[in-house]
Every structure is written in structure tokens, then in C-alpha cells.
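Inspection log for the structure reproduced underneath, given as C-alpha cells.
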Amino acid sequence: MISGLLLDLSGVLYIDDQAIPGASDSLSRLQNSGLAIRYVTNTTRKPANKIHQQLLELGFIINRDDLFTAPMAAHAYLKTNGLSPFKLIHPDLLEEFADFNNTQYNAVLIGDADQGFTYDNINNAFRLLIEGAPLIAMGKNRYFMQQDGLSIDAGAFVTALEYAADVEAIITGKPDCEFYRHAVHSMSTSVKSTVMIGDDVDADINGAISAGMTAILVKTGKYRDGDEDRITDPGIVCAQDFNEAVDWILDNKDIPL
Ligand SMILES: [Mg+2]
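Under the working numbering, the first residue of the sequence shown is numbered 232, with each subsequent residue one higher.
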């Protein structure tokens, strides 16, 4: 039986500033079904308030408190561990980390910094890491879909720093099991009865499977032909888009998982 759902955002509900056709009505159908829903994203180009505002503008009516972002998880991790990070992040995300204003750095925080990925910035991060500072990454995604095509994501830069400094990043977003468990816990459901819907075969689908959930891969957004062959559980459902995924959920929600 399905009791909770985790929905990825970019590539599932929208691409850039365009909603996937029919997705807003499909989300309403899900919301009216009584299933608990949380929204989980590794997007690091904008703060949570702006993501929420964009969802509302695109016609997706969701509660701000139901949004779980990788930057929010990174913020909590930094606070809990008393870290003061050098920020290799997008300028639009700086406001979400404005309370970390100490310039005596003892950590590196990395997201999709876009034009901030300069040699000097990456080298500054490397020098901190080689001295023992931890590398906190808000995701390790390979690429994401923009309207003009696939675009390289932070994962390649995280991997470059890991290689150069011989360290392993702490990932605070998907596919981190703790990130998933935190979102599931907020629904008062179990991991086993939760379904994750996403377009990223690594972070969304295989990540959810590793955390103990089932998953639906949608063939929109960053999906590429053959991604389904990389799914680690052969029983996983694929759907043409979010609308078809919602049809499957509503048809199967009372069947044991
Ligand atoms: Mg996505």
C-alpha cells in the first residue's frame, strides 16, 4: 500500500519556467487522493522561498513546509557541526547561507555555482580541503535539463575536488539516505510505503531504492534513452511523464508494495 510520495521538481513538474503539460492538474488529483506528499529537490540555483514562489506561479499549489531542499539540509549540517564554510555556490543562493559570514573557513560548501566555478574559486576550495576541511556537497548530479538542452551540474566539480584533494564529499541532498528519511519522517509514513517520482536515474531512482523506497522514473527532463537499464531494481516502473506516473499511483495505491 502506498501512503506517501516524494516528488522531484525540475524535470518532473517543470523544466526551467515551463510546467510539464497537465502536471498541475495531475498534482491536484494526487493531493485530493489523501496521500501525503513532500517535494524533494537538489536544485542549488535558488533559495527555497524562490522555488516555492515559482511553483505557485506555475500553478502548483503546495505548502512551503512540504519542500525539502539540498541547501536546507546542508544548512542544518553546517550548523549542527559548527562549520564555517567557504561557499562555492550560486550567487542567488547566498541569502540562504547569509548567517555563515565568518571568513575563517573550516569547511567547503559546494553547489551549482554556475559562473562562480572559476579556477581561483575552485583552487581556494582545494587548498582548504588539502588542509583537512570537510567537503559538503548539496548533490553530485551529473547534469540537469534546461530549455536549451542538458547542462553540466555540480557533480563534475565535486568529483574534481575529491580527486585533487583525495577526499570524499559529504552529500546532503539526494541520494543521501538521511535526506530521504528526513522527508519521509515528516509525513509520519514508512520508507517502505513511500514512492519517489523523479527524472534522475541516479539520485532519484537508485537513491530512493537504496533508502528502501520504491520509485517511478519519468521520461521527461534529464531522462535519456537507456536510463531504465541502469536501474538497480528490475521491478521499478517507468512512466512517459508525471501524468502517467500519477495514473499509476492512483491505480495501485491500495495494492501491497
Ligand atoms: Mg529532476
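Just so you know, even glycine gets a beta-carbon here, dropped at the ideal spot from N, CA and C.
Ser241 - DSSP class collapsed to helix/strand/coil: Position 10 of the sequence shown, counted from the start, is the residue given in the question as residue 241. Note: Ser241 maps to strand in three-state DSSP.
Cα-Cα separation, Asp472 to Tyr374: Within the sequence shown, the letter at position 241 stands for residue 472. Within the sequence shown, the letter at position 143 stands for residue 374. Here the alpha carbons of Tyr374 and Asp472 stand approximately 19 Å from one another.
Simplified DSSP state of Leu319, which is helix, strand or coil: Taking the first residue of the sequence shown as 1, we reach residue 319 at position 88. Note: Leu319 maps to strand in three-state DSSP.
Near ligand 2: Gly313 beta-carbon under 6 Å from a heavy atom: Ligand 2 is absent from the structure shown, which contains only ligand 1.
Backbone secondary structure at Leu314 - three-state DSSP: Along the sequence shown, read from residue 1 onward, the residue named residue 314 stands at position 83. Correct three-state label for Leu314: coil.
Outcome for Met303 when other beta-carbon atoms lying within 10 angstroms are tallied against a minimum of 16: As a position in the sequence shown, residue 303 is number 72, starting the count at 1. Here Met303 is buried. Its C-beta has 16 or more other C-beta atoms within 10 Å.
Through-space distance from Met376 to Ile246, alpha-carbon basis: Reading the sequence shown from its first residue, position 15 is the one you call residue 246. Reading the sequence shown from its first residue, position 145 is the one you call residue 376. Each residue's alpha carbon lies about 7 Å from the other.
Buried versus exposed, by CB contacts within 10 Å (16 or more), Ile486: The sequence position of residue 486 within the sequence shown is 255, counting from 1. That one is exposed.
Alpha-carbon spacing of Ala364 relative to Phe388, whole angstroms: Walking along the sequence shown from the start, residue 364 turns up at place 133. Walking along the sequence shown from the start, residue 388 turns up at place 157. Looking at the two C-alpha atoms, the distance is approximately 17 Å.
CB of Val415 within 7 Å of CB of Leu261, strictly: On the sequence shown, residue 415 is found 184 positions in, with the first residue counted as 1. On the sequence shown, residue 261 is found 30 positions in, with the first residue counted as 1. Taking 7 Å as the Cβ cut-off, Val415 and Leu261 do not qualify as a contacting pair.
Cβ-heavy atom distance, Gly452 to ligand 1, below 6 Å: Here residue 452 corresponds to residue number 221 of the sequence shown, with the count starting at 1. Yes, the beta carbon of Gly452 sits closer than 6 Å to at least one heavy atom of ligand 1.
Distance, Gln335 Cα to Val426 Cα: The count along the sequence shown starts at 1 and reaches residue 426 at position 195. The count along the sequence shown starts at 1 and reaches residue 335 at position 104. So the two alpha carbons sit approximately 42 Å from each other.
Classification of Ser257 by the beta-carbon crowding that lies within 10 angstroms, buried from 16 upward: The residue you call residue 257 lines up with position 26 of the sequence shown. That one is buried.
Proximity winner among Val422, Ser424, Asp351 and Met369, relative to Tyr308 (alpha-carbon distances): Counted from its first residue, the sequence shown places residue 308 at position 77. Residue nearest to Tyr308 within the set Val422, Ser424, Asp351 and Met369 is Met369 (criterion: CA-CA distance).
Proximity test, Asp239 beta-carbon vs ligand 1 heavy atom, cut-off 6 Å: In the sequence shown, counting from the first residue as 1, residue 239 sits at position 8. Yes; taking the cut-off as 6 Å, the Cβ of Asp239 has a heavy atom of ligand 1 nearer than that.
Contact under 7 Å by Cβ, Lys318 with Leu340: For the purposes of this step, residue 318 is taken as residue 87 along the sequence shown, with counting starting at 1. For the purposes of this step, residue 340 is taken as residue 109 along the sequence shown, with counting starting at 1. Using a Cβ distance threshold of 7 Å, Lys318 and Leu340 count as a contacting pair.
Rounded separation between Leu298 and Arg269 - CA only: For the purposes of this step, residue 298 is identified with residue 67 of the sequence shown, where counting begins at 1. For the purposes of this step, residue 269 is identified with residue 38 of the sequence shown, where counting begins at 1. When rounded, the separation of the alpha-carbon atoms in Leu298 and Arg269 is 6 Å.
Where Ser382 sits in the DSSP three-state scheme: On the sequence shown, position 151 is the one that residue 382 refers to. Of the three classes helix, strand and coil, the one that applies to Ser382 here is strand, per DSSP.
Three or more C-beta pairs below 8 Å linking the region 289-297 and the region 320-328: At 8 Å Cβ cutoff, the stretches do not touch.
Reduced DSSP secondary structure (H/G/I, E/B, other) of Gln377: Here the question's residue 377 lines up with position 146 in the sequence shown. Strand, per DSSP.
Distance CB(Gly429)-CB(Asp435) smaller than 7 Å: On the sequence shown, position 198 is the one that residue 429 refers to. On the sequence shown, position 204 is the one that residue 435 refers to. A distance below 7 Å separates the beta carbons of Gly429 and Asp435.
Inter-residue Cα distance where the pair is Asn354 and Phe348: By 1-based counting over the sequence shown, the position of residue 354 is 123. By 1-based counting over the sequence shown, the position of residue 348 is 117. Whole-angstrom Cα-Cα distance: 10 Å.
Short Cβ contact (7 Å threshold) for Leu360 with Ala396: Looking up residue 360 in the sequence shown gives position 129. Looking up residue 396 in the sequence shown gives position 165. Contact annotation: Leu360 and Ala396 have beta-carbon atoms nearer than 7 Å.
Strand pairing of Cys408, partner residues [DSSP]: What you label residue 408 is simply residue 177 of the sequence shown in a count that begins at 1. DSSP, once it has assigned bridges, lists no residue as partnering Cys408.
Neighbourhood of Ala439 by C-beta, 6 Å cutoff - its chain only, sequence neighbours within 5 removed: Residue 439 sits at position 208 when you count from the first residue of the sequence shown. Met427 and Ala446.
Proximity test, Gly242 beta-carbon vs ligand 1 heavy atom, cut-off 6 Å: Start at 1 with the first residue of the sequence shown, and residue 242 comes out as number 11. It does: the Cβ of Gly242 is within 6 Å (strictly closer) of some heavy atom of ligand 1.
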